[in-house]
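Engineer: Here the sequence shown is numbered in the working numbering, starting from 68 and rising by one per residue. Cβ coordinates follow ideal geometry from the N, Cα and C atoms, glycine included. Note that the coordinates shown come from a computational prediction; the quantities given were computed from them, not determined experimentally. Let me give you the structure first, and then I'll get to my questions.
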Amino acid sequence: MENLKEKTAKGVEWGFIDNLGGTGILAVVNLVLARLLTPQEFGIVGMTSIFITLSTSLVDSGFTGALTRKKTVDEKDLNTVFYFNLLTSLVLYAVLFFEAPAIADFFGQPVLCGVVRILGLSLVITALSIVQKVILVRKLDFRTQAIVSVLSASAGGAAGIWMAADGFGLWSLVAMQLSRLALTTVLLWVCSRWKPRCVFSISSFRDMFSFGGRLLLTAIISTLWSEIYSFIIGKVYTPYVLGQYSRADKFRNMVTSNVSIVMQRVTYPVLASIRDEKQRQVRAYRKILRTTVLISFTAVLGLAAVSESFVLTLAGSQWISAIGYLRILCFSGLFIPLMICSANIINANGRSDTTLYLEILKTALASVPVLAGIFISIEALLWSTVAISAVSYLAYAVMVSRSVDYPVSSQLKDIAPYFVVSAVMAAIVFCLSWLSWPQWLILLAQLCAGAAITVFSYECVYRNDEYDDVKNTILKILKLDRNKEKQ
Numbered sequence: 068m069e070n071l072k073e074k075t076a077k078g079v080e081w082g083f084i085d086n087l088g089g090t091g092i093l094a095v096v097n098l099v100l101a102r103l104l105t106p107q108e109f110g111i112v113g114m115t116s117i118f119i120t121l122s123t124s125l126v127d128s129g130f131t132g133a134l135t136r137k138k139t140v141d142e143k144d145l146n147t148v149f150y151f152n153l154l155t156s157l158v159l160y161a162v163l164f165f166e167a168p169a170i171a172d173f174f175g176q177p178v179l180c181g182v183v184r185i186l187g188l189s190l191v192i193t194a195l196s197i198v199q200k201v202i203l204v205r206k207l208d209f210r211t212q213a214i215v216s217v218l219s220a221s222a223g224g225a226a227g228i229w230m231a232a233d234g235f236g237l238w239s240l241v242a243m244q245l246s247r248l249a250l251t252t253v254l255l256w257v258c259s260r261w262k263p264r265c266v267f268s269i270s271s272f273r274d275m276f277s278f279g280g281r282l283l284l285t286a287i288i289s290t291l292w293s294e295i296y297s298f299i300i301g302k303v304y305t306p307y308v309l310g311q312y313s314r315a316d317k318f319r320n321m322v323t324s325n326v327s328i329v330m331q332r333v334t335y336p337v338l339a340s341i342r343d344e345k346q347r348q349v350r351a352y353r354k355i356l357r358t359t360v361l362i363s364f365t366a367v368l369g370l371a372a373v374s375e376s377f378v379l380t381l382a383g384s385q386w387i388s389a390i391g392y393l394r395i396l397c398f399s400g401l402f403i404p405l406m407i408c409s410a411n412i413i414n415a416n417g418r419s420d421t422t423l424y425l426e427i428l429k430t431a432l433a434s435v436p437v438l439a440g441i442f443i444s445i446e447a448l449l450w451s452t453v454a455i456s457a458v459s460y461l462a463y464a465v466m467v468s469r470s471v472d473y474p475v476s477s478q479l480k481d482i483a484p485y486f487v488v489s490a491v492m493a494a495i496v497f498c499l500s501w502l503s504w505p506q507w508l509i510l511l512a513q514l515c516a517g518a519a520i521t522v523f524s525y526e527c528v529y530r531n532d533e534y535d536d537v538k539n540t541i542l543k544i545l546k547l548d549r550n551k552e553k554q
């Protein structure tokens, strides 16, 4: 029987395989599509983001977190969540279908009507697989999820590239998303082996919604906070500008969201399972936080440093405006994994009301960047977001200190060394952008220099257990870890 540490380590390992495989494939696909499509086409699809993302949160209704947190789950729980999610998705799809013309009129883009109606089908497709995915999460079976992610991303990406090359324009983006979700749902049904029965329990619904309802409100508010900027840019500016911003945001999220999702998906059930052992939970969370910042700070500040060569080499000169946006977004992106880690342990301890209040605060503060974007410029919006993200994280850190015995000063002290190492690395790497070389060669030199500086810093200057764990995980993934075989 594997112990908790071994399960967590395997979960993190397969979680990163999932992201390096599935999300990595999608990242490559999006780079190919960036050369085949125009910023305007990406911008038009980006206008639907707030509606689809918000509706997806409503479909889940917080039941994923509630099911994951429950110590024991029976058939009535699973079936109740399945049918509620499915019914909610059908209702929301109907709303989007009939409101699609109004959305198109609001943005002044007639093609949005059809895009919203077709993309809205993703709600129903997603609803059909929520319970199946939770079952795998509860088992800490991230290997299966990684395989599903890689297969679906490959199929969806192939469909998107084929259609883009054949002249379907923005519809290739729509097809890519729907085909990926559809295959994911089919594979999760096959792998989980769970099938719904004709069971629905009002008492089970009430029990889970008492916790999940607050997660739902939190997710709604979080979605508004994360998507409101695209909404404002799409309305106030042009599809071209929104496309540039959306592309920069996608590049940033390749790092921030992926690291956060892996750590949240793997560690939430672990933290919830030991919530009655406070000292053990604090030790586990501290390690999770340090591991998260080691990975995310290195990647985010590194991406900021190579943004020019990265965008020009991989996406092309038509995305040159995205370079400046990406640099600023990377600074606000430093705080996203930190806030998600904080929310993770707060929710694991049953305080979803606290995370709801924090999301309300964060969203209220977002009015500052919104006003800056409307009355000044997009750059003003983005820099305001950096400041708001920093303030919001401090609020999260305070609430973590009240939830567990982990003071804010200790949290910042644990984070600081990783920030210093990453900042020094990024500064040196950025200086290489002044070389008069082809952009692809500059990018290669920057990546090699960044990797060398990071490894040297953690091997010779600031050696720590988290670095060793990450290194060993990478070596295992690459099948180069021979030390374990000798033991």
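Taking only the alpha-carbon atoms, compute the straight-line gap between S444 and A415 and give it to the nearest angstrom.
Structural biologist: Taking the first residue of the sequence shown as position 1, residue 444 is located at position 377. Taking the first residue of the sequence shown as position 1, residue 415 is located at position 348. Roughly 39 Å between the two C-alpha positions.
Engineer: For the alpha helix (DSSP H) that contains D233, what are its first and last residues?
Structural biologist: For the purposes of this step, residue 233 is identified with residue 166 of the sequence shown, where counting begins at 1. Where D233 is concerned, there is no enclosing alpha helix (DSSP H), given that its DSSP letter is neither H nor E.
Engineer: I need the straight-line Cα distance from L157 to L338, nearest angstrom please.
Structural biologist: Residue mapping note: residue 157 aligns to position 90 of the sequence shown, counting from 1. Residue mapping note: residue 338 aligns to position 271 of the sequence shown, counting from 1. L157 and L338: Cα-Cα distance of roughly 34 Å.
Engineer: Which residues in the same chain as V435 place their Cβ atom closer than 7 Å to its Cβ, once the five residues preceding and following it in sequence are excluded?
Structural biologist: Taking the sequence shown and counting its residues from 1, the one referred to as residue 435 is at position 368. S451 and I455, listed in sequence order.
Engineer: Taking 8 Å as the threshold (C-beta atoms), are R184 and T135 in contact?
Structural biologist: One-based indexing of the sequence shown puts residue 135 at position 68. One-based indexing of the sequence shown puts residue 184 at position 117. No, these two residues do not count as a Cβ contact at 8 Å.
Engineer: Quick check on DSSP: helix, strand or coil for W292?
Structural biologist: Taking the first residue of the sequence shown as position 1, residue 292 is located at position 225. In this structure, W292 counts as helix in the three-state DSSP scheme.
Engineer: V204 CB to nearest chain D CB: under 8 Å?
Structural biologist: The chain labelled as chain D is not found in the depicted structure, where only one protein chain is given.
Engineer: Any chance you could list the beta strand (DSSP E) runs of at least 3 consecutive residues sitting entirely within the stretch 457-519, in chain order?
Structural biologist: With a minimum length of 3 residues, no continuous beta strand (DSSP E) run stays inside the stretch 457-519.
Engineer: Judging by CA-CA distance, which residue of R273, L188 and V437 is the nearest neighbour of W292?
Structural biologist: What you label residue 292 is simply residue 225 of the sequence shown in a count that begins at 1. If we check each option's Cα against that of W292, V437 comes out closest.
Engineer: From what residue to what residue does the alpha helix (DSSP H) around I341 run?
Structural biologist: One-based indexing of the sequence shown puts residue 341 at position 274. Note, I341: premise wrong, no alpha helix (DSSP H); not H, not E.
Engineer: Quick one: which unbroken alpha helix (DSSP H) runs of 4-plus residues sit fully inside the stretch 378-460? Chain order, please.
Structural biologist: Whole alpha helix (DSSP H) segments, 4+ residues: 388-400, 403-415, 419-432 and 434-442.
Engineer: Helix, strand or coil, according to DSSP, for G187 in the structure here?
Structural biologist: For the purposes of this step, residue 187 is taken as residue 120 along the sequence shown, with counting starting at 1. Coil.
Engineer: Select from L154, G113, V266 and S489 the residue whose C-alpha is nearest the C-alpha of L370.
Structural biologist: On the sequence shown, position 303 is the one that residue 370 refers to. Comparing Cα-Cα distances from L370 to each of L154, G113, V266 and S489, the minimum goes to S489.
Engineer: Can you list, in chain order, the residues of its chain with a C-beta nearer than 7 Å to that of T123? Leave out the 5 residues immediately preceding and following it.
Structural biologist: The residue you call residue 123 lines up with position 56 of the sequence shown. The answer, listed in chain order, is L190 and T193.
Engineer: DSSP on Q244, reduced to helix/strand/coil?
Structural biologist: Within the sequence shown, numbered from 1, the residue matching residue 244 stands at position 177. It is helical.
Engineer: Alpha helix (DSSP H) containing P168: first to last residue?
Structural biologist: Locating residue 168 in the sequence shown gives position 101, counting from the first residue. Per DSSP, P168 belongs to the alpha helix (DSSP H) from E142 to F174.
Engineer: Less than 8 Å between the CB atoms is what I'm expecting for I228 and L100, so what's the real figure, rounded?
Structural biologist: Indexing the sequence shown from 1 puts residue 228 at position 161. Indexing the sequence shown from 1 puts residue 100 at position 33. Between L100 and I228 the Cβ distance is about 7 Å, and since that is below 8 Å, they are a contact.
Engineer: Do A222 and M230 have their CB atoms nearer than 8 Å?
Structural biologist: As a first step, residue 222 must be located in the sequence shown, where it is residue number 155. As a first step, residue 230 must be located in the sequence shown, where it is residue number 163. No. Outside cutoff.
Engineer: With Y312 as the anchor, note down where its alpha helix (DSSP H) starts and where it stops.
Structural biologist: The residue you call residue 312 lines up with position 245 of the sequence shown. Per DSSP, Y312 belongs to the alpha helix (DSSP H) from P306 to N320.
Engineer: Let me know the secondary structure DSSP gives P263 once reduced to three states.
Structural biologist: The sequence position of residue 263 within the sequence shown is 196, counting from 1. In the structure shown, P263 sits in coil (DSSP, three-state: anything other than H, G, I, E or B).
Engineer: Counting C-beta neighbours from all protein chains within 10 Å, is the total for R273 16 or more, i.e. buried, or is it exposed?
Structural biologist: Taking the sequence shown and counting its residues from 1, one reaches residue 273 at position 206. Counting Cβ neighbours within 10 Å, R273 comes out exposed, since fewer than 16 surround it.
Engineer: From F151 to I269, what distance separates their C-alpha atoms?
Structural biologist: As a first step, residue 151 is located in the sequence shown; it is residue number 84 there, counting from the start. As a first step, residue 269 is located in the sequence shown; it is residue number 202 there, counting from the start. If you take the alpha carbons of F151 and I269, they lie about 11 Å apart.
Engineer: Under the rule that 16 or more other beta-carbon atoms within 10 Å means buried, what is V528, buried or exposed?
Structural biologist: Start at 1 with the first residue of the sequence shown, and residue 528 comes out as number 461. When all chains shown are included, V528 counts as exposed.
Engineer: Please determine, among I117, V475, A431 and V140, the residue with the shortest C-alpha to C-alpha distance to I299.
Structural biologist: One-based indexing of the sequence shown puts residue 299 at position 232. The residue with the shortest Cα to Cα distance from I299 is I117.
Engineer: State the Cα-Cα distance for the pair I413 and T323, rounded to the nearest angstrom.
Structural biologist: Along the sequence shown, one-based indexing puts residue 413 at 346. Along the sequence shown, one-based indexing puts residue 323 at 256. Between I413 and T323, the C-alpha separation is close to 20 Å.
Engineer: Out of R342, I482 and S363, which one is the CA nearest neighbour of N411?
Structural biologist: As a first step, residue 411 is located in the sequence shown; it is residue number 344 there, counting from the start. Answer by Cα proximity: R342.
Engineer: By DSSP, does V373 sit in helix, in strand, or in coil?
Structural biologist: Taking the sequence shown and counting its residues from 1, one reaches residue 373 at position 306. In the structure shown, V373 sits in coil (DSSP, three-state: anything other than H, G, I, E or B).
Engineer: Could you give the DSSP three-state label for V571: helix, strand or coil?
Structural biologist: An answer regarding residue 571 cannot be provided, because it is not within the stretch 68 to 554 covered by the chain.
Engineer: Enumerate in chain order the residues of its own chain whose CB-to-CB distance from F173 is below 8 Å, with the five nearest sequence positions on each side excluded.
Structural biologist: What you label residue 173 is simply residue 106 of the sequence shown in a count that begins at 1. K302, listed in sequence order.
Engineer: Judging by CA-CA distance, which residue of A431, K543 and L449 is the nearest neighbour of A439?
Structural biologist: Reading the sequence shown from its first residue, position 372 is the one you call residue 439. Ranking A431, K543 and L449 by Cα distance to A439 puts L449 first.
Engineer: Tell me which residues share the same chain as D535 and place their Cβ nearer than 7 Å to its Cβ, disregarding the 5 neighbours each side in the sequence.
Structural biologist: Counting from 1 along the sequence shown, the entry for residue 535 is found at position 468. Within the same chain, D535 has no close Cβ partners at all.
Engineer: Looking at the unbroken alpha helix (DSSP H) that takes in N97, where does it start and where does it end?
Structural biologist: In the sequence shown, the residue the question calls residue 97 occupies position 30. Its alpha helix (DSSP H) spans residues G91 to L103.
Engineer: Going by other Cβ atoms of all chains shown within 10 Å of its Cβ, with 16 needed for buried, is W501 buried or exposed?
Structural biologist: Start at 1 with the first residue of the sequence shown, and residue 501 comes out as number 434. With fewer than 16 other Cβ atoms within 10 Å, it is exposed.
Engineer: Counting along the chain, where does the alpha helix (DSSP H) carrying S124 start and finish?
Structural biologist: Taking the sequence shown and counting its residues from 1, the one referred to as residue 124 is at position 57. Taken as a continuous stretch (DSSP letters only), the alpha helix (DSSP H) holding S124 covers S116 to D127.
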